[in-house]
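Counted from 1, the sequence shown has number 65 at position 65 by this note's numbering; the numbering is strictly sequential. From the three backbone atoms N, C-alpha and C, an ideal C-beta is built for every residue, glycine too. Okay, structure first, notes after.
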Amino acid sequence: MKKLILIFLCFSSLYALAQKSKNNTAMKKLISENFEFAQKQYQLLEKNTPLDSMPKTFEKNHNVSSDVYWWCSGFYPGTLLYIYEYTKDPIILSTAKKRLAILEPVKTFTKNHDLGFMMYCSYGNAYRLLKDPAYKDVIIESSKSLSTRYRPNAKVIQSWEITDGGLKKKNFMGPVIIDNMMNLEMLEWSSKNSHDKSFANIAEAHANTTIKNHFRPDYSSYHVLDYNLDTGEVLKKVTAQGAADESAWSRGQGWALYGYTMMYRFTKNPTYLKQAQGVAKFILNNPNLPSDKIPYWDFDAPGIPNALRDVSAASVYASALLELGQYTSGKEKKEYVSVAETILKSLSTPKYRAEAGTNGGYILMHSVGSIPHDSEIDVPLTYADYYFLEALLRYKKWYL
Ligand code: GLY
């Protein structure tokens, strides 16, 4: 009997090993096909984008671009750099450098909290890959600009200006959105790579205040909080891009997941890890997460299962879950990696990935910018492509 059990165990581990190796081969192929595709598509996107601007989306059969002060301006050069990292294509690199050059003036911009998205996804990757000290100077300068938005009494970085849109009419005083967690990566990096610890102090103060106020007991997060900037009192908990104030806007959950995972990377503070794992649990156990793991645009969107999906949220989840898997063990780690893998496989199918030569040059289709603002609905978006390629590179680096 003992012998039989031993033989059975031997066979099942051999079977598991064979399955793993088969899956690794499939993932290697999926990664290389996606980068080959991205390399060609982004040459088309470059042709479709005026030299003084950045790609924004492709709508009604037209490429739409933005000036460099739009919050997404860093994703295009960042994506080109990810393509270069995998392919080593010198033409893609020179395109990335050309686009970085037009972005540089943004380093002194202080009118919103998005400097991390804009300058770290772009210059952060450029410095990581090319080690040009001029790029590092741009990142540190950008962190100084972002730090001017820190409000010490409330211990938050203010997201939006009150002059923006209808915020003044709605009596906002100090709006902070969950997305802001993403901008902390540039601050943490800047402290680590300079003598100025104030950047990390600001990032950690903001992350701590956000844990205290921005989440519900089930770890889902509100989109927008309004603070009294003199006292730190929370005045409102509402949404701007979600379905309702009390709903869970899908991309917002992704920013929280990615943000606290990244904060744990820099600080090793277990509170941040616990927060990221809590957010992961909310997302992965949610009955409204479809089986292909591409979320509806809001977990409480009206019309589910016929509501629109948001591919950009899926890309953010995949990248964040792969990193969270690096700091977690056991069945949670297995689940994080397996869901990320499902997302990457789903996004590589014709349901979500464009056909060559279409989609204005973007890789992925079907993202949602903001339904309440009737803006960028069911279109390609730069950040969906960016976090998709980031996730593929992370998978290659950590799990193959
Ligand atoms: N930061 C804005 C968005 O996620 O749409």
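Secondary structure at Trp71, three-state DSSP: helix, strand or coil? Here residue 71 is taken as the residue at index 71 of the sequence shown, counted from 1. It is coil, neither helix nor strand.
Does Trp398 pass the burial test, meaning 16 or more other C-beta atoms within 10 Å, or should it be called exposed? Within the sequence shown, residue 398 is the residue found at index 398, counting from 1. Label assigned to Trp398: exposed.
Terminal residues of the alpha helix (DSSP H) in which Lys333 lies: For the purposes of this step, residue 333 is taken as residue 333 along the sequence shown, with counting starting at 1. That run of the alpha helix (DSSP H) goes 330-347.
Over the uninterrupted beta strand (DSSP E) stretch that includes Thr163, give me the two end residues. In the sequence shown, residue 163 corresponds to position 163, counting from 1. Premise fails: Thr163 is in no beta strand (DSSP E) and is neither H nor E.
If we call anything under 9 Å between Cβ atoms a contact, is Leu100 one with Ser145? In the sequence shown, residue 100 corresponds to position 100, counting from 1. In the sequence shown, residue 145 corresponds to position 145, counting from 1. With respect to Ser145, Leu100 sits apart: the two C-beta atoms are not nearer than 9 Å.
Can you tell me where the beta strand (DSSP E) with Asp378 in it begins and where it stops? In the sequence shown, the residue the question calls residue 378 occupies position 378. Run containing Asp378: 375-379, per the beta strand (DSSP E) assignment.
Distance, Cα to Cα, Glu188 vs Ile202? Taking the first residue of the sequence shown as 1, we reach residue 188 at position 188. Taking the first residue of the sequence shown as 1, we reach residue 202 at position 202. C-alpha separation (whole angstroms): 9 Å.
Taking just the CA atoms, how far does Ile102 sit from Gln277? Stepping through the sequence shown from its first residue, residue 277 is reached at position 277. Stepping through the sequence shown from its first residue, residue 102 is reached at position 102. Going from the Cα of Gln277 to the Cα of Ile102 covers about 38 Å.
Output the boundary residues of the alpha helix (DSSP H) element that contains Asp137. Position 137 of the sequence shown, counted from the start, is the residue given in the question as residue 137. It spans 133-147 - the alpha helix (DSSP H) in which Asp137 sits, taken as one unbroken run.
Taking 9 Å as the threshold (C-beta atoms), are Gly166 and Asn228 in contact? The sequence position of residue 228 within the sequence shown is 228, counting from 1. The sequence position of residue 166 within the sequence shown is 166, counting from 1. Not a contact, by the Cβ cut-off of 9 Å.
Strand pairing of Met54, partner residues [DSSP]: For the purposes of this step, residue 54 is identified with residue 54 of the sequence shown, where counting begins at 1. Paired residue(s): Ser66.
What I want to know is whether the C-beta of Gly369 ends up closer than 8 Å to one or more non-hydrogen atoms of the ligand GLY. Along the sequence shown, one-based indexing puts residue 369 at 369. Under cutoff, so the answer is yes.
When you compare the CB positions of Leu381 and Cys72, do they come within less than 9 Å of one another, or not? Sequence index remark: in the sequence shown, residue 381 carries index 381 (1-based). Sequence index remark: in the sequence shown, residue 72 carries index 72 (1-based). For Leu381 and Cys72, yes; Cβs fall inside 9 Å.
Can you say whether Phe11 is buried or exposed, counting buried as having 16 or more other CB atoms within 10 angstroms of its CB? The residue labelled residue 11 in the question sits at position 11 within the sequence shown. Its Cβ having fewer than 16 others within 10 Å, Phe11 is exposed.
Three-state secondary structure assigned by DSSP to Arg99: In the sequence shown, the residue the question calls residue 99 occupies position 99. If DSSP states are grouped into helix, strand and coil, Arg99 belongs with the helices.
Any non-hydrogen atom of the ligand GLY within 8 Å of Ile304 CB: Start at 1 with the first residue of the sequence shown, and residue 304 comes out as number 304. Because no heavy atom of the ligand GLY lies under 8 Å away, the Cβ of Ile304 does not count as near it: no.
Look up Trp426 in the DSSP assignment and say whether it is helix, strand or coil. Past the boundaries of the shown model lies residue 426; the chain is included only from 1 to 400, so the question cannot be answered.
So is the beta-carbon of Trp297 under 8 Å away from any non-hydrogen atom of the ligand GLY? As a position in the sequence shown, residue 297 is number 297, starting the count at 1. Not so, every heavy atom of the ligand GLY lies at least 8 Å from the Cβ.
Kindly give me the distance between the Cβ atoms of Val339 and Leu324, rounded to whole angstroms, as I take these residues to be in contact under 8 Å. Counting from 1 along the sequence shown, the entry for residue 339 is found at position 339. Counting from 1 along the sequence shown, the entry for residue 324 is found at position 324. The Cβ separation is near 10 Å, so there is no contact.
The alpha helix (DSSP H) with Ser370 in it runs from where to where? Start at 1 with the first residue of the sequence shown, and residue 370 comes out as number 370. Segment 367-370 is the beta strand (DSSP E) holding Ser370; no alpha helix (DSSP H) there.
Contact under 9 Å by Cβ, Phe282 with Ala248: Position 282 of the sequence shown, counted from the start, is the residue given in the question as residue 282. Position 248 of the sequence shown, counted from the start, is the residue given in the question as residue 248. Against a cut-off of 9 Å, the Cβ pair of Ala248 and Phe282 comes out as a contact.
Which whole-angstrom value is the C-beta distance of Ile157 and Asn171, which I expect to be below 8 Å? Within the sequence shown, residue 157 is the residue found at index 157, counting from 1. Within the sequence shown, residue 171 is the residue found at index 171, counting from 1. About 21 Å separates the two Cβ atoms, so there is no contact after all.
Simplified DSSP state of Lys237, which is helix, strand or coil: For the purposes of this step, residue 237 is identified with residue 237 of the sequence shown, where counting begins at 1. If DSSP states are grouped into helix, strand and coil, Lys237 belongs with the strands.
Starting from the Cα of Pro290, find the closest Cα among Asp310, Gly252, Lys331 and give me that residue. Residue mapping note: residue 290 aligns to position 290 of the sequence shown, counting from 1. Cα-wise, what sits closest to Pro290 is Asp310.
Span separating the alpha-carbon of Lys237 from that of Ser250: For the purposes of this step, residue 237 is taken as the residue at position 237 of the sequence shown. For the purposes of this step, residue 250 is taken as the residue at position 250 of the sequence shown. Cα-Cα distance, rounded: 17 Å.
Helix, strand or coil at Phe215 according to DSSP, with G and I counted as helix: Reading the sequence shown from its first residue, position 215 is the one you call residue 215. Of the three classes helix, strand and coil, the one that applies to Phe215 here is strand, per DSSP.
Report the residue from Leu130, Glu59, Asn61 whose alpha carbon sits nearest the alpha carbon of Lys88. Here the question's residue 88 lines up with position 88 in the sequence shown. With distances taken between Cα atoms, Lys88 lies closest to Leu130.
I'd like the span of the alpha helix (DSSP H) that includes Tyr383, first residue to last. Counting from 1 along the sequence shown, the entry for residue 383 is found at position 383. Here the alpha helix (DSSP H) through Tyr383 covers 382-399.
Can you check DSSP and say which residues form a bridge with Pro302? Along the sequence shown, read from residue 1 onward, the residue named residue 302 stands at position 302. Looking at the DSSP assignment, Pro302 forms no beta bridge with any residue, so it has no partner.
State yes or no: is the C-beta of Tyr296 within less than 9 Å of the C-beta of Leu284? On the sequence shown, position 296 is the one that residue 296 refers to. On the sequence shown, position 284 is the one that residue 284 refers to. Result no, Cβ atoms of Tyr296 and Leu284 do not sit closer than 9 Å.
Beta carbon of Ile157: closer than 8 Å to some heavy atom of the ligand GLY? Against the sequence shown, residue 157 aligns to sequence position 157. No, Cβ of Ile157 sits at least 8 Å from all heavy atoms of the ligand GLY.
Taking the alpha-carbon of Ile363 as reference, which of Glu376, Leu184, Thr267, Tyr383 has the nearest alpha-carbon? Walking along the sequence shown from the start, residue 363 turns up at place 363. Selected option, being the one with the closest Cα: Tyr383.
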